[in-house]
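If you read the sequences in order, they're chains A and B.
For the first sequence, this note's numbering assigns the number -16 to the initial residue and increments by one for each residue that follows.
For the second sequence, this note's numbering assigns the number 2 to the initial residue and increments by one for each residue that follows.
Notes for the one structure printed next.
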Amino acid sequence: MAVVPMLKMLVCGAREEESSVMKTLQRQGIFHIIPLEEEALKAPEVKEALNKAEKRVSLAEHALKVLDAYAPAGGGLLASLSGAAELSPEDWQKKAENQENTLALAEDLVNKEKLINEAAARAARAQVQAEALIPWKKLGLPLDFTETESCRCFIGALPGPWTEGEIRSHLAEHCPQMEAYSLELLGGDPAQTPLVLVCLKEDAPQAEDALRRKGFARPLVTSGKTPEDALNEVKFERAAALTEGEELKAAVKAAASRRQELEFLYDDSLLERSRLASFQMAGEGQRSFFLEGYVPKARGEALKKKLEDKYTVNVLLSEADEKAPVLLKNNPFSTPTETVVESYGLPGRGEIDPTTIMSFFYYILFGMMLSDAGYGLLMVIGCGIALKKFPAMGKNMKKMLTMFFWCGVSTTIWGFLFGSFFGDAIDVIAHTFFGVPADKQIFKALWFTPLDEPMRLLIYCFAFGLVHLFVGLGIKGYALLKEKRTKDFLGSVLGWFLLILGLLLLLVPSDMYASIAGAPIPLPAWMGTLAKIMALAGALLLLFFAAWDKKMGLRLAMGAYELYGVTGWLSDVLSYSRLLALGLATGVIASVINTMGSMMGGGIGGAIIFIIIFLLGHTLNMAINLLGAYVHTNRLQFVEFFGKFYEAGGEAFEPLGTGDTKYYHLEEN
Amino acid sequence: MGNTVTAASSVLLSDSMGIVYALLGAALATFLAGAGSAIGVGMGGRAAAGVLTEKPELFAKVLILQLLPGTQGIYGLLVAFVVLGKIGILGGNAPTAAQGLLFLAACLPIGVAGLISAIHQGKASVASISLLAKRPESFGRAMLLPAMVETYAILALLVSLLTVARL
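Right, here's the structure in full:
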């Protein structure tokens, strides 16, 4: 349970070796580089190289995406757990030397994707054209045919269905003088009626006008060829484009055997990019370079020795200042909950790492909210198998699964205490299918059943919440005493302890408590007096010491405001009632699912229905309650617990390292 | 006139009406809280779909945020089932008119607080989803903001549940 102590490290060496030193530092993965603030030194010129590395990363990424699209690697979710393959530094070096071919392959793949898309677009365009040509198939003339020496020819379509007679009578009505003309309908569909009208040139304007009135429109496509010829041509084009697309896709698939090369290119470029980005923070003189950063204290000397043995460099170690980045180190049981602390914020300057203390509460609270032995066991088994089977999975994934493993253990324990195993599944099955009398309970709670005695559990929840809050306040007190801020301790820690405990002791023997709990807890009279003294002392401490460094008037006003914070304590404690609510939610809904499943009665049919409803219902209930338990455990930690003492605001320790790679992992030597 | 009123009240307060009131309570708990959750999760879903067009890798995280306002519906269902288990439908005995009205009253907190809190939690979820889209690393915080709203649904659930369990 601690924030790892850091040392500040300054490295200076010859510029020729800068690149190699950087590589060694990256492989060690324990050096957090910070920008060097020294005006006499220039930052190295690496923009161009950085851009190049950047481009290589995105090229490799793009090429891999192309491969995934046309030749998926398969494996799915489980494959993502298997993590990166280990590679020794020598092998890495060997692989990294000859990557020209891979680069060419990546470019080729990206290019092929472009061609595939183009071919697909051509095929689609041809398809559209073909569809536009189909209504004109029967036309023996080119679509752009308009006139002969003495005649005009109108090729086009009228919207909606028309018969030849209808069109002829329409023409007779609007251009009565037109006698000689030829009208041909080219089939048609409900949407439009394609037609060819040939008439004498002098009649043409009127005939056109008559047609336009009914929405006559020329064909969407036009061509100097007859529709039949044009259609054949378009069809041929489409077939050619499709074949080309298929051939390209086959070529991409053939490249799938070289996927690993691309994956290595991606990882190697990624490492180079992060190395070059760190270069920007270094400083360079004419022949020398300087690097500044932080290294964990325990490993500082070893790193110094390693660098000085290998290169002609000078390494200076000094005590870290206040700006040192934060790295957490905890026991294996608590380590997984570091992610929870991180998502709230790392400990700021001088703060202690709350992870270990929090982890116990975290597991316990989570278990209380989910509180079903069946769900807990599923979590334990699922996470356990995943952890065992994929030891090389990513660090964060591992932390998360380990955390849910322990949450599962706690859930199982609480489940047995509260007598819930997939709700009341055991009893329902026994009653429905094995003829056990309905009034005989088989699976009993080790402690008590929450739904039968909700008030009892509610009080335990509040008590538990109070312990949680007091521990938080205790941590604050410890930190204040360590910094010898006794007056602050009196005003903002001891005052609260006395006041809250005093009020609590006054509450317990009262009628109000009795009405909630069912029976008062009688306390001897001297306890009552003691409680009053404690509460009064606490209130006075808060009033006078919460802002002891201010002038008297302001001091009392701020003290009174601090005293008003007692309402905050009330709401904090009440907030723990969610432990009861969520616990009941899991149990009751699980029982509802079992009841629904057993409604069909015993027998084979009933058993099948029961199994189906059981599987579906419990999957859903577990998923939604897992989410609820996770969210609300975090809330109780972040708002109620951390609110009492934790400020956070530390910067994370992010050493130049090899941890970002996706497919290969560089072994440290 | 007077006779009509007396007759009406004797019907309304007759013990055969007890189960009607109790069922009305169960129905209100389910449908008010459920409707609120549907609205909230629906809002979240639209925002989530928008984010996924740009960042499909955030699917699991936005899904969690979308689901946060979904719990009120479950709380409503929970209270309704406990009621059904006490009024002779899934167990227990048919209530008298007075008991039925008590069930009805006990169901109101989770129904009304569920409806309103789920809608507002949905709005907070939408905001959190856009926060996540811009800063995927702040998932913890994004999740916590909508969870604050849920506190009030939980308080309402407690009151409803504790009352119903005692009736």
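Ideal Cβ positions, reconstructed from N, Cα and C, are used throughout, including at glycine.
Within the 8 Å Cβ cut-off, does residue i reach chain B?
i, result
"Arg258/A", "no"
"Phe621/A", "yes"
"Met438/A", "yes"
"Asn617/A", "yes"
"Gly511/A", "no"
"Arg561/A", "yes"
"Val4/A", "no"
"Val40/A", "no"
"Val556/A", "no"
State the beta-bridge partners of residue i as determined by DSSP.
i, result
"Ile16/A", "Gly276/A"
"Gln11/A", "Note: Gln11/A sits in no beta bridge, so no partner."
"Asn297/A", "Cys(-5)/A"
"Gly633/A", "Leu329/A"
"Phe137/A", "Leu180/A"
For residue i and residue j, I'd like the C-alpha separation in whole angstroms.
i, j, result
"Ala234/A", "Arg242/A", "13 Å"
"Ala98/B", "Leu29/B", "17 Å"
"Leu553/A", "Ser71/A", "58 Å"
"Thr550/A", "Gly542/A", "14 Å"
"Thr205/A", "Val111/A", "13 Å"
"Val556/A", "Thr164/B", "20 Å"
"Phe32/B", "Val84/B", "14 Å"
"Leu88/A", "Glu291/A", "40 Å"
"Gly170/A", "Asp127/A", "19 Å"
"Gly92/B", "Val575/A", "12 Å"
"Val571/A", "Ile99/A", "56 Å"
"Pro202/A", "Pro142/A", "12 Å"
"Val63/B", "Leu132/B", "10 Å"
"Glu466/A", "Ile335/A", "12 Å"
"Ala187/A", "Cys158/A", "10 Å"
"Ser3/A", "Ser65/A", "31 Å"
"Thr85/A", "Ala79/A", "10 Å"
"Glu211/A", "Gly123/A", "8 Å"
"Ile592/A", "Phe344/A", "40 Å"
"Ser498/A", "Ala281/A", "58 Å"
"Ile615/A", "Gly19/B", "Strictly speaking, residue 615/A in this sequence is His, with Ile absent from that position. Taking the straight line from one Cα to the other gives about 37 Å."
"Asn94/B", "Thr322/A", "50 Å"
Is residue j closer than 8 Å to residue i when the C-beta atoms are compared?
i, j, result
"Glu275/A", "Leu19/A", "yes"
"Gly642/A", "Asn297/A", "no"
"Met352/A", "Gly611/A", "yes"
"Tyr346/A", "Trp389/A", "yes"
"Ala102/A", "Gly228/A", "yes"
"Tyr613/A", "Pro337/A", "no"
"Asn577/A", "Ala408/A", "yes"
"Ile596/A", "Gly580/A", "yes"
"Leu231/A", "Lys95/A", "yes"
"Phe21/B", "Gly74/B", "The sequence shown places Val at residue 21/B, rather than the Phe named in the question. Taking 8 Å as the Cβ cut-off, Val21/B and Gly74/B do not qualify as a contacting pair."
"Leu370/A", "Leu384/A", "yes"
"Ala54/A", "Lys236/A", "yes"
"Leu488/A", "Ala514/A", "yes"
"Ser271/A", "Met5/A", "no"
Using beta carbons (cut-off 8 Å, strictly below), is residue i in contact with chain A?
i, result
"Ala27/B", "no"
"Tyr22/B", "no"
"Ile75/B", "yes"
"Phe82/B", "yes"
"Thr152/B", "yes"
"Thr54/B", "no"
Is the closest heavy atom of the ligand FMN to the C-beta of residue i under 7 Å?
i, result
"Asn81/A", "The ligand FMN is not among the ligands present in this structure, which contains no ligands whatsoever."
Does the region 135 to 146 of chain A touch the region 177 to 184 of chain A, meaning 3 or more C-beta pairs lie closer than 8 Å?
-> Flag = yes, the region 177 to 184 of chain A and the region 135 to 146 of chain A touch.
Touching or not, the region 556 to 567 of chain A and the region 149 to 156 of chain B, by the rule of three or more beta carbon pairs under 8 Å?
-> The answer is yes - the region 149 to 156 of chain B touches the region 556 to 567 of chain A, with three or more Cβ pairs under 8 Å.
So, do the region 337 to 353 of chain A and the region 438 to 458 of chain A have three or more beta carbon pairs nearer to each other than 8 Å?
-> Yes, the region 337 to 353 of chain A is in contact with the region 438 to 458 of chain A.
Below 8 Å, can you find three or more Cβ-Cβ pairs linking the region 238 to 255 of chain A to the region 38 to 45 of chain A?
-> Contact between the region 238 to 255 of chain A and the region 38 to 45 of chain A is present: 3 or more CB-CB pairs across the two stretches fall below 8 Å.
May I ask you to verify whether the region 306 to 319 of chain A touches the region 21 to 32 of chain A, counting CB pairs closer than 8 Å and requiring at least 3?
-> Taking a contact to require three or more Cβ pairs closer than 8 Å, the region 306 to 319 of chain A and the region 21 to 32 of chain A do not qualify as touching.
Count the C-beta pairs between the region 140 to 148 of chain B and the region 314 to 328 of chain A that are closer than 8 Å, then say yes if the count reaches three, no if not.
-> Yes, since at least three Cβ pairs between the region 140 to 148 of chain B and the region 314 to 328 of chain A fall closer than 8 Å, the two stretches touch.
Would you check if the region 452 to 460 of chain A and the region 475 to 484 of chain A touch, i.e. whether three or more CB-CB distances between them fall below 8 Å?
-> Yes, they touch.
Taking contact to mean at least 3 C-beta pairs separated by less than 8 Å, is the region 188 to 197 of chain A in contact with the region 145 to 165 of chain A?
-> As far as the Cβ criterion goes, the region 188 to 197 of chain A touches the region 145 to 165 of chain A, which means the pair count is three or higher.
Contact between the region 497 to 517 of chain A and the region 528 to 539 of chain A: three or more CB pairs below 8 Å?
-> Taking a cut-off of 8 Å on C-beta distances, the region 497 to 517 of chain A does not touch the region 528 to 539 of chain A, as fewer than three cross pairs fall below it.
On the three-pair Cβ rule with 8 Å, is the region 461 to 476 of chain A touching the region 486 to 494 of chain A?
-> Counting Cβ pairs under 8 Å, fewer than three are found: no touch.
Does the pairing of the region 262 to 270 of chain A with the region 77 to 91 of chain A give three or more beta-carbon distances under 8 Å?
-> In short, these stretches do not touch, since the Cβ pair count stays below three.
Counting Cβ pairs, one atom from each stretch, are 3 or more of them under 8 Å apart for the region 34 to 43 of chain B and the region 117 to 130 of chain B?
-> Yes, the region 34 to 43 of chain B touches the region 117 to 130 of chain B.
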